[in-house]
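The structure appears right after this line, and notes come after that.
Chains as they are written, first to last, in the working numbering: chain A, 1 to 593; chain B, 1001 to 1243.
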């Protein structure tokens, strides 16, 4: 693949990455076979088994909280659903471990999806409360529905599985099995972060509004995250039940959910490794502190508080910061020239609004605007502060549903489409107050834009190619690996433009692209917009710099109090008496000299 | 004695030095502007002066007192007010509350005096008067910028530092803002101004400094900077004459 060759890490960093990976693999294999070769006491065996099964469940929190930013306080409930499925399946119904496990995972997935579905209507603290309610319901059912669950007595005599030709009845063999499952899950969760889905999740976490506008189906992403998290909770629980052969409802209470959450946070919730470190530590810490007898709980609590205070990003977060692990050095990249993959023919008007209105209570922010944007043109929207410009842009990109009127793109009515559907239809935009995904690299920000629905490319290599092209176009390709938050304000605006461009939109909406740029940088922006126009892109922009608008706009619409007060070429509009009175003031800002 | 004096100030984020030995001074009653490209370190300079960032080395003297390393809270009480870029309006508070918060550094101010200062602020920005009791988030971006500047004025500072006060404002309001800045100085407040709108900034400034990647490269009165070909090319949108 030709564009794959464009993106290769520097040879040195690849060698060290391979070496690091091999060391890790050898270490991992040693740990996995250790239980088989070294005699372990029952006590140590149990502790390791608990650590392995808990980590699987806590990795679910890495996905839902660490990657997607949704607080779930019901991980113990899913842990319980998996555990009870295996317990009741093998003990009461005699359907064997594997079938019970499958049923447990399906049940967890369904419950997780339902929990995720509630995120359509509620978010933040309220969603966290819904998860607590769900947790309490599960606990109540486990305790009270005695005929099915055996109630507070719990279930004993849970069987361990057989693999073809291999019995896992032996504790040491079973521990090895759990460690192998943990590796698989850990690797999958670690890898998830670098996939389309993982990037979409992180985009939702960092800025849900912007995620929708650049094409992420935010709702589906959240439901998926909850489902994955629930399945991992269920899987951990199933392994746990089989490992300890006895379970009871108190092992799956709300308090346990809090323990799971603490494990994730202590280790570093955004990293699969951190999760493993945190879980291991919180299982070992009470054992290490046992000699303290009465004050053991106080010391345990204090240690947890100290770790949280001094390492807010968790242990792994701190390690990452010190050692720069996981931050790949800038790759030697020569992006191909940027080229827009969009249809340049069609109706003469790419965008048309009819009687578009948006009221907030009594405030008529946009009040019956008719607008026609010509294909391939640069169309500027100007007007006093508070005249409704940004509101209009928000209605166009689907963040607000209009009170009245319609929006037609390419002859298709898109009035009722969600932001990500409009993005798929070819609308890209930037924001007045920069909305980037702050914890992601510059490249990852642009990749989220590149992977928009309806895009003609799908492979990771092609996506990266597009992202680098867009970054090259705005002149930031060399800095691709840096964290986006480290860039100065003006360059962050360019990343937003690149993020929109990487999705190859047919219509680009820019909200004050020139804000925060000095006159020379504005000249560069004018050049960039001219080049984009040359690529056949239609640009609809808001800006207050009339010298800049006059240079690039083919057409200007002036808004005041939500209504259109003037319309036409820059030459006519900027000399319109009403525009001068309401907006321009005495001297139109004719820039240089 | 200069009101504000920086001597060899170095500061940065992580491993990178954003400021590399900055020395500048602002005399009482002056308007001084700081120009430069994005990422040159203009905002970092203001953040270092106001205590939002700690300098790694060098000294910052305000009114004869060393303030390098002091907390932002202490520095604002000495009469140094900073209006950061990007608005920072408290979304849940009303516009009135947002603006009144700016006076937190003044102790035991009579109610009537606060009301009269508030009234002056609304006099300067009549467009936001009608939103006095509306929560901050309901304002448009440009209106929020007005609230932020009004809040900075409520501190009645000796030195007011403005970081891109014209960002996102309509041309007619930008003209007002610059008139207001000149007016603020006429009333005795010294102003240190970071502004991308270099022409506007130089039209009211007494002196300007040009920053490039953490170093000051040129200093002088507006005419000098406006006539400096390099400065024109790099920051004023002008082109260096061919040949």
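For each residue, glycine too, the CB sits at the ideal point set by N, CA and C.
{"Asked": "List the residues of chain A whose Cβ lies closer than 8 angstroms to the Cβ of residue 1209(B), in chain order.", "Found": "What residue 1209(B) touches in chain A: nothing, since even the nearest Cβ is about 14 angstroms away."}
{"Asked": "Return the Cβ separation of residue 521(A) and residue 1037(B) in integer angstroms, given the expectation that the two are a contact with Cβ distance under 8 angstroms.", "Found": "7 angstroms"}
{"Asked": "Taking the alpha carbon of residue 137(A) as the reference point, which residue from 111(A), 283(A) and 567(A) has its own alpha carbon closest?", "Found": "111(A)"}
{"Asked": "Would you list, in chain order, the members of the region 1173–1204 of chain B that have their beta-carbon closer than 9 angstroms to a beta-carbon of chain A?", "Found": "1173, 1174, 1175, 1176, 1195, 1196, 1197, 1198, 1199 and 1200"}
{"Asked": "Could you tell me whether the region 1142–1159 of chain B touches the region 1070–1084 of chain B, where touching means 3 or more Cβ pairs closer than 8 angstroms?", "Found": "yes"}
{"Asked": "Just tell me which of 424(A), 390(A) and 87(A) has its CA closest to the CA of residue 239(A).", "Found": "87(A)"}
{"Asked": "Any idea what DSSP makes of residue 566(A), helix, strand or coil?", "Found": "strand"}
{"Asked": "Of all Cβ atoms in chain B, is any one closer than 9 angstroms to the Cβ of residue 442(A)?", "Found": "no"}
{"Asked": "Of all Cβ atoms in chain B, is any one closer than 9 angstroms to the Cβ of residue 402(A)?", "Found": "no"}
{"Asked": "Going by beta carbon distance, what residues of the same chain come within less than 6 angstroms of residue 270(A), once the five residues before and after it are set aside?", "Found": "66"}
{"Asked": "So, residue 179(A) versus residue 52(A), is the Cβ gap smaller than 9 angstroms?", "Found": "yes"}
{"Asked": "According to DSSP, is residue 1161(B) helix, strand or coil?", "Found": "strand"}
{"Asked": "Got a sec: is the Cβ-Cβ distance from residue 497(A) to anything in chain B below 9 angstroms?", "Found": "no"}
{"Asked": "Does the distance from the C-beta atom of residue 1011(B) to that of residue 1053(B) stay below 9 angstroms?", "Found": "yes"}
{"Asked": "Taking the CB atoms as reference points, tell me whether residue 1064(B) and residue 1161(B) lie closer together than 9 angstroms.", "Found": "no"}
{"Asked": "Under 7 angstroms Cβ to Cβ from residue 492(A), same chain only, skipping five residues before and after it: list those, please.", "Found": "434, 436 and 484"}
{"Asked": "Using a beta-carbon distance below 9 angstroms, is residue 47(A) in contact with chain B?", "Found": "no"}
{"Asked": "Report the CB separation of residue 498(A) from residue 471(A) in whole angstroms; it is logged as a contact under 8 angstroms.", "Found": "5 angstroms"}
{"Asked": "Would you verify that the beta carbon of residue 462(A) is, or is not, closer than 9 angstroms to some beta carbon of chain B?", "Found": "no"}
{"Asked": "Less than 9 angstroms between the beta carbons of residue 377(A) and residue 539(A), yes or no?", "Found": "yes"}
{"Asked": "Might you give, ordered along the chain, the residues of its own chain that have their beta carbon closer than 6 angstroms to the beta carbon of residue 1201(B), omitting 5 neighbours on each side?", "Found": "1033, 1193 and 1195"}
{"Asked": "Could you give the first and the last residue of the continuous beta strand (DSSP E) run that contains residue 1006(B)?", "Found": "1004–1013"}
{"Asked": "Please list the terminal residues of the continuous beta strand (DSSP E) segment that includes residue 1192(B).", "Found": "1190–1194"}
{"Asked": "Residue 486(A) touches chain B at which residues, Cβ-Cβ below 9 angstroms?", "Found": "1013, 1014 and 1016"}
{"Asked": "How big is the Cα-Cα spacing for residue 382(A) and residue 508(A)?", "Found": "16 angstroms"}
{"Asked": "From residue 407(A) to residue 372(A), what does the alpha carbon distance come to, in whole angstroms?", "Found": "10 angstroms"}
{"Asked": "At the level of alpha carbons, what is the spacing between residue 1101(B) and residue 1089(B)?", "Found": "11 angstroms"}
{"Asked": "Across which residues does DSSP place residue 1036(B) in a beta bridge pair?", "Found": "1211(B)"}
{"Asked": "Taking the alpha helix (DSSP H) that residue 358(A) falls in, what are its first and last residues?", "Found": "That residue, residue 358(A), is in no alpha helix (DSSP H); its beta strand (DSSP E) goes 349–360."}
{"Asked": "Just checking my contact of residue 175(A) with residue 45(A) at CB under 8 angstroms: how many whole Å lie between their CB atoms?", "Found": "6 angstroms"}
{"Asked": "Taking the continuous alpha helix (DSSP H) assigned at residue 139(A), which residues delimit it?", "Found": "124–144"}
{"Asked": "On the three-pair Cβ rule with 8 angstroms, is the region 198–218 of chain A touching the region 134–151 of chain A?", "Found": "no"}
{"Asked": "Taking the alpha carbon of residue 1120(B) as the point to measure from, which residue in 1006(B), 1187(B), 1216(B) and 1104(B) has its own alpha carbon closest?", "Found": "1187(B)"}
{"Asked": "Assuming residue 55(A) and residue 276(A) are in contact, meaning their beta carbons sit under 8 angstroms apart, how far apart are those beta carbons, in whole angstroms?", "Found": "5 angstroms"}
{"Asked": "Hey, could you find the ends of the alpha helix (DSSP H) residue 290(A) is sitting in?", "Found": "No alpha helix (DSSP H) holds residue 290(A); DSSP gives it neither H nor E."}
{"Asked": "What are the residues in the region 487–521 of chain A lying within 8 angstroms of chain B by C-beta distance?", "Found": "487, 488, 489, 490, 491, 512, 515, 516, 517, 518, 519, 520 and 521"}
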